[in-house]
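Working notes, beginning with the structure itself.
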């Protein structure tokens, strides 16, 4: 395997990994129970700008 082929494989792996991380992050942000601020067992810290 040449150095160029290794570099190309590494770049492809980085792109795929980045895509999977992005998809997982978007899916985690869309989970409804993460946005439920009325739960009694969770302490929420509001970090929004005032």
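In this note's numbering, the protein residues as written are 857 to 906.
Think of the CB as a built atom: it goes at the ideal place given N, C-alpha and C, for glycine as much as any other residue.
If you're wondering where the values come from, they're calculated on a predicted model, not measured in any experiment.
- Cβ neighbours of residue 868 within its own chain (closer than 6 angstroms, five residues either side excluded): none.
- Collapsing the DSSP output to three states places residue 901 in coil.
- Here the alpha carbon of residue 885 sits roughly 16 angstroms from the alpha carbon of residue 904.
- Under the three-state reduction of DSSP, residue 886 is assigned to coil, being neither helix nor strand.
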